[in-house]
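Written out below as structure tokens is the structure these notes cover.
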Amino acid sequence: MTESNNQQQVMDTQIQVSIFGYELIRDMLLPDLLGKDHTQVIYWAGKQLARKFTIDTQEGIGQFFKEAGWGELELLEQNKHEVKYVIRGEMVTRRLDLNKDATFQLEAGFLAEQIQRLKGKTAEAIEEQKKKKEILITVQWDK
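Quick note on numbering: the sequence shown equals residues 148 to 290 in our numbering.
This is the structure in structure tokens:
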């Protein structure tokens, strides 16, 4: 087996990680470590992740969300200066059930940076809603 085949095999391997372990780090440990500004830091961390994982299509962004375990991303609507997404799924529901104050700033930052790169304009995202076990994120960019 060649080195290239070994690398591909490693990339194709999916390892299951405990959801509880993920929640401990994301919703309990990080906010304690980062303090009162944790939501802003996590937002910027999402932007940094997007710089490392550049994606060229809306479909690719949705696929990244699935692979990252962030939930199912759906583009709801788009106009000249903003796009609205909804994130839903088992992981989103579980996080909100266990922690009503769970934030989705990592996802918001990631979306803002991906859209900024795709549009070529400065973009920021707002986490707007936590109803019906769904998260609404609006990304707006400069005119």
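Each residue gets a CB set at the ideal place from its N, CA and C atoms; glycine is no exception.
Count the other C-beta atoms from every protein chain shown that fall within 10 angstroms of the C-beta of residue i, then say buried if there are 16 or more, exposed otherwise.
i: G193; result: buried
i: L180; result: exposed
i: E237; result: exposed
i: I284; result: buried
Note down, in chain order, each residue of its chain lying with its Cβ closer than 6 Å to the Cβ of residue i, except the 5 sequence neighbours on either side.
i: D251; result: Sequence check: residue 251 is Phe here, not Asp. Closer than 6 Å at Cβ, skipping near neighbours: E274, I282.
i: N246; result: D174
i: A272; result: A255, L258, A259, I284, V286
For residue i, collect the residues of the same chain with a Cβ closer than 7 Å to its Cβ; drop the 5 residues on either side in sequence, then sort them by chain order.
i: K277; result: L243
i: A270; result: A259, I262, Q263, V286, Q287, W288
i: K280; result: R235, V239, T240, L243
Would residue i pass as a contact of residue j if the rule is Cβ separation under 8 Å?
i: L220; j: I208; result: yes
i: T204; j: R264; result: no
i: D289; j: K268; result: yes
i: V286; j: E229; result: yes
i: I189; j: L176; result: no
Excluding the five sequence neighbours on either side, which residues of its own chain have a C-beta within less than 8 Å of the C-beta of residue i, listed in chain order?
i: E212; result: Reading off the sequence, residue 212 comes out as Phe, not Glu. Correct list, in chain order: G218, E219, L220, I234, E254.
Legend entry - Segment contact flag, the region 240-259 with the region 190-203, C-beta cutoff 8 Å, min 3 pairs: yes
Inset, instruction - Report the residue ranges of all beta strand (DSSP E) runs contained in full by the region 201-289; include only those spanning at least 3 residues, in chain order. - result: 219-225, 229-235, 270-276, 282-288
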